[in-house]
Amino acid sequence: MDIKRRDFLKVAVGSGFLLAAGESPVYARPQKKMPPNAVGILYDSTICIGCKVCQFACKKYNKMPVEHTFRPPEMADRLWDNPTDLSDKTLNIIKAYKHGTGETKNTDTDGFAFIKRHCMHCVDPACVSACPVSALKKDPQNGVVSYNKDACIGCRYCQIACPFNIPKFEFDKAFPQIRKCQLCDHRFAEGKYSACCEFCPTGASIFGPVIELLKEAKKRLTLTLGEYYEYPVATVDSKFKLPQKVSAYINHIYGEKEGGGAQYLLLSGVPFDKLGLPILSEIADAQRTESIQRTIYYKMIAPVTLLAGLLYAVYRNTKDKE
Amino acid sequence: MIENKPEPIGGKIVTKPFLVFSLFAVIAVFLIIKRFIFGIGSVTHLSDGYPWGIWIAYDVVVGTAFACGGYAMALLVYVFNKGEFHPLVRPALLASMFGYTLAGISIFIDVGRYWQAYNLVLPQFSQLYSVMFEVALCVSTYIIVLWIEFTPAFLEKFKKERLQKIMSRAAFIFIAIGVLLPTMHQSSLGLLVYIAGQKVSPLWQTNFIALLFLISAITMGFSIVIFESFVSAMALKREPETTLLSKLSAYIPPLLGIYIAVRFWDLVGRGKLELALTGGLEANMFILENLLYIIPTIILLSPINRSKPRMLFISAILMLLAGAVYRFNVFLIGFSPGPGWHYFPSFSEIMITLGIISIEIMAYMVFIKKLPVLPSIRHT
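Protein chains in written order, with our numbering: chain A, 660 to 981; chain B, 116 to 495.
1. Under the DSSP definition of a beta bridge, which residues are partnered with A:Arg776?
2. Are any of the Cβ atoms in chain B nearer than 8 Å to that of A:Tyr686?
3. Hey, would you say A:Glu875 sits closer than 8 Å to A:Val905, going by beta carbons?
4. Opposite B:Phe223 in the DSSP bridges: which residues?
5. Determine the burial state of B:Thr258: buried for a count of at least 16 other Cβ atoms within 10 Å of its Cβ, exposed for fewer.
6. Three-state secondary structure (DSSP) at A:Pro742?
7. Evaluate B:Glu276 with the Cβ neighbour count: other Cβ atoms within 10 Å of its Cβ, from every protein chain shown; 16 or more gives buried, anything less gives exposed.
8. Drop a sphere of 10 angstroms on the beta-carbon of A:Tyr908, count the other beta-carbons inside from all chains shown, and report buried for 16 or more, exposed for fewer.
9. Thinking C-alpha only, which one of B:Ile341, B:Leu396, B:Lys280 and B:Phe240 is nearest A:Asn807?
10. Taking 8 Å as the threshold, find out whether the stretch 402-418 of chain B comes into contact with the stretch 369-380 of chain B through three or more Cβ pairs.
11. Which partner residues of A:Tyr957 appear in the DSSP bridge assignment?
12. Strictly under 8 Å for the Cβ-Cβ distance: is A:Lys958 near chain B by that measure?
13. In terms of residues, what are the limits of the beta strand (DSSP E) holding A:Pro891?
14. Please state if the CB of B:Glu397 and the CB of B:Gly312 are separated by a distance shorter than 8 Å.
15. Let's test the definition: count the other Cβ atoms within 10 Å of the Cβ of A:Gln690 and tell me whether it reaches 16, buried, or not, exposed.
16. Does A:Thr977 have its Cβ less than 8 Å from a Cβ in chain B?
17. On the three-pair Cβ rule with 8 Å, is the stretch 278-296 of chain B touching the stretch 260-268 of chain B?
18. Give me the subset of the stretch 160-171 of chain B whose CB atoms are less than 7 Å from a CB atom of chain A, sorted by chain position.
19. Which residue's Cα is closest to the Cα of A:Gly759: A:Asn751, A:Gly770, A:Ile753 and A:Ile752?
20. Let me check one thing: in DSSP terms, what residues is B:Ser463 bridge-paired to?
21. Leaving out five residues on either side along the sequence, give the residues of the same chain with a beta carbon under 7 Å from the beta carbon of B:Leu370.
22. What does B:Val226 touch in chain A if you count any residue whose Cβ is under 7 Å from its own?
23. Going straight from the alpha carbon of B:Arg228 to that of B:Pro317, what length do you get?
24. Considering A:Ser788, what are the terminal residues of the alpha helix (DSSP H) in which it resides?
25. Which same chain residues end up closer than 7 Å to B:Pro496 when comparing Cβ atoms and leaving out the 5 residues on each side of it in sequence?
26. With a Cβ-Cβ cutoff of 8 Å, do B:Ile471 and B:Leu134 count as a contact?
27. Taking only three categories from DSSP, how would you classify B:Pro418?
28. Output needed in chain order: residues of the stretch 449-460 of chain B with a Cβ under 7 Å from some Cβ in chain A.
29. Could you tell me whether any Cβ in chain B is nearer than 8 Å to the Cβ of A:Leu921?
30. With 8 Å as the threshold, decide whether the Cβ of B:Phe379 is near any Cβ in chain A.
31. Return the chain-ordered ranges of every alpha helix (DSSP H) run that is complete within the stretch 132-158 of chain B and spans a minimum of 4 residues.
32. Relative to the ligand HEM, is the shortest distance from any of its heavy atoms to the C-beta of B:Val315 smaller than 7 Å?
33. Kindly list, in the order they appear in chain B, the residues whose Cβ is closer than 8 Å to that of A:Asn721.
34. Determine, using beta carbons only, whether B:Lys314 comes closer than 8 Å to chain A.
35. Taking all protein chains shown into account, decide if B:Phe342 is buried (16 or more other Cβ within 10 angstroms of its Cβ) or exposed.
36. List in chain order: all unbroken alpha helix (DSSP H) runs of 4+ residues lying wholly within the stretch 377-455 of chain B.
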């Protein structure tokens, strides 16, 4: 009897260690790679003029409603769209950073800067890893993270998981959905691309293959301050280029490595954390979590062994009673 | 020791407390209807930053841990063969059954697209590496297992002897599964927030969160058995099973000792313990949580204290509070989606939770009065 109980204890303690195993430098789930034909957006805060045409284009081409954050009586015509942050009605937003007198653009003290926020289309998205019903999926080819309302159960675990708070939920609807930027993938078939890039007048948002966007971003970091550079407009390979004066960049491409990498890359003259972007480790939270899950449930060996041990112990101990 | 067969305790169903509880239940039902017509936002203060509120933190995460009595007792009696505790099993099982069932109902109210909930088990949708998938599947299966484990009480009541025999032969299978499932999902409930990474304060975000949740759930299981035994004894004017409960409480200090050791060893190892001394809500809640763990551990270390009903009762309450505060800290206090987001439950949200607790207590009272659950009174 006692020997058997010890056997069970071994199993129990063994799986306890598995539960505790997490700090190992080797992850049970390997790092995810950028999809082969990954497309994305490069946003350059230094040349963004905050005109919000991208916000308007996003609403128009994704058929999203206008949002009234403030509605004083004189705006009762409901024509104005004035969201203050991303929401279930606003998938793309331009926000402003202002410090002190707010005089100089792209400076963090006594200056101002713009920031465009929407889904990062992470290489290893936490939302996709978290979703219990595969309602959020990353396209294996172009890497777009998209949502399927017919799969979603509305548990909102994607919202808990996303480090950028991107998925939004329709709390005021009886039959709600999750809303998020899908890079206008519904327009890809007609040869179109993200509306926010198509209508950006200065080239602050450009669309293209992530490899090309990264090359362009790295090139901009080597530019000389004060010189003129021909910034491509709308797409990275655009023939239409707009010469603009180069201002100082923070020597970092946000999204290149953050949280395991993303398909939305950002450049800025003001530190990214001041623009409201989180400081993240290069290891994706999805990778950490799945590593633990895959260790505990590796080929279901631990749970099955534990169950076998339990069945044996319970059988022995209830048999004695009769 | 002569085992006392469980018996229905009888008595009137509709009592004054029962009426008070039913008032809460009616209000909750009304608000739940409102939620289904006008959406979750119409009754809660949930937001895109705080998508989970007290329905998840209390009804599900704390609620199922409070409902670990059946799990903890099954572990002790059937796995570690401590048959002497057998009289405590059935009442613990009943409380677990209601705790989990109502947690299941709460989840159903909380999820936005409940009519598609069955997608979880459709192979084209199941996402096996999601922690939520595991929790959802384990919890729902365990609810069914608990009802099956409880069927002998119905069969005894309605004198179905053939079925009773079949059930008692197959019982070991359900008992074993009934130990496996909570081991899996009580640890995974902690792992749920692991993917939230830096959104959870380093005081709570740790690689050991699954282990900490599992150990604390088992101690909460023992504590709730002690707590419920005393409360039923008081409410029904019976003698509490002090001898048995004090023996049971002896298992708690070593378990909590391991918990506290892992908790602090991990914090010191990561160099985050100093965050506890920074003042502010998070730090103070951390201190409160750990005092609630340390005090009952010290009380129960002494065999003299363990033999005193008052000390047992106080320790049980402190440990239940400790587990509850720990879980609230992980899911709400220590969770920060970034600047600008705030959460405090709305009145309706709280009323729905209170209503669900009321339904749980009412159902428990009806069951112990009508079905053989509690051990019969010893006549000396």
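Think of the CB as a built atom: it goes at the ideal place given N, C-alpha and C, for glycine as much as any other residue.
So, from the listed chains and residues:
1. Note: A:Arg776 is bridge-paired with A:Ile752 in the DSSP secondary-structure output.
2. Closer than 8 Å to the CB of A:Tyr686 there is not a single CB belonging to chain B.
3. No, the pair does not count as a contact, with Cβ atoms beyond the cut-off.
4. According to DSSP, which records beta bridges pairwise, B:Phe223 is partnered with nothing at all.
5. The question names Thr, but residue 258 of chain B in the sequence shown is Ile. Buried, by the Cβ-count rule.
6. Note: A:Pro742 maps to coil in three-state DSSP.
7. Taking all protein chains in view, the Cβ of B:Glu276 is surrounded by fewer than 16 other Cβ atoms within 10 Å, so the residue is classified as exposed.
8. By the neighbour-count definition (other C-beta atoms within 10 Å, threshold 16), A:Tyr908 is a buried residue.
9. Checked all of B:Ile341, B:Leu396, B:Lys280 and B:Phe240; the closest Cα to A:Asn807 is B:Phe240.
10. As far as the Cβ criterion goes, the stretch 402-418 of chain B touches the stretch 369-380 of chain B, which means the pair count is three or higher.
11. In the DSSP output, where bridge partners are listed per residue, A:Tyr957 has none listed.
12. Not one beta carbon of chain B lies nearer than 8 Å to the beta carbon of A:Lys958.
13. Tyr887 to Pro891 is the extent of the beta strand (DSSP E) around A:Pro891.
14. No, the Cβ-Cβ distance between B:Gly312 and B:Glu397 is not below 8 Å.
15. It is exposed - the Cβ of A:Gln690 has fewer than 16 other Cβ atoms within 10 Å.
16. Closer than 8 Å: yes.
17. Per the Cβ contact rule, the stretch 278-296 of chain B is in contact with the stretch 260-268 of chain B (3 or more Cβ pairs under 8 Å).
18. Answer set for the stretch 160-171 of chain B: Leu161, Asp163, Gly164, Pro166 and Trp167.
19. Of A:Asn751, A:Gly770, A:Ile753 and A:Ile752, the smallest CA-CA separation from A:Gly759 is found for A:Gly770.
20. The partner list for B:Ser463 (beta bridge, DSSP) is empty, contrary to what the question assumes.
21. Contacts found: Ile330, Ile333 and Thr334.
22. At a C-beta separation below 7 Å, B:Val226 has these neighbours in chain A: Ile812, Gly813 and Cys814.
23. Taking the CA atoms as reference points, B:Arg228 sits about 32 Å from B:Pro317.
24. Counting along the chain, A:Ser788 sits inside the alpha helix (DSSP H) bounded by residues Ala785 to Ala789.
25. Outside the modelled stretch of chain B, which goes from 116 to 495, sits residue 496 of chain B, for which no answer is possible.
26. Not in contact: B:Ile471 and B:Leu134 (Cβ atoms no closer than 8 Å).
27. The answer is helix: DSSP assigns B:Pro418 an H, G or I state.
28. Identification of residues in the stretch 449-460 of chain B having a C-beta nearer than 7 Å to some C-beta of chain A yields Pro452 and Gly453, given in sequence order.
29. First, the amino acid is wrong: residue 921 of chain A is Ala here, not Leu. Not an interface residue.
30. Closer than 8 Å: no.
31. If we require 4 residues or more, the stretch 132-158 of chain B turns out to have no alpha helix (DSSP H) run fully inside it.
32. The ligand HEM is absent from the structure shown, which contains no ligand whatsoever.
33. Chain-order list of chain B residues neighbouring A:Asn721: empty, with the shortest C-beta distance near 17 Å, by a criterion of under 8 Å.
34. Closer than 8 Å: yes.
35. The residue is buried, with at least 16 neighbouring Cβ atoms inside 10 Å.
36. Considered as a whole, the stretch 377-455 of chain B harbours 395-416, 418-421 and 424-443 as its complete alpha helix (DSSP H) runs of no fewer than 4 residues, in chain order.
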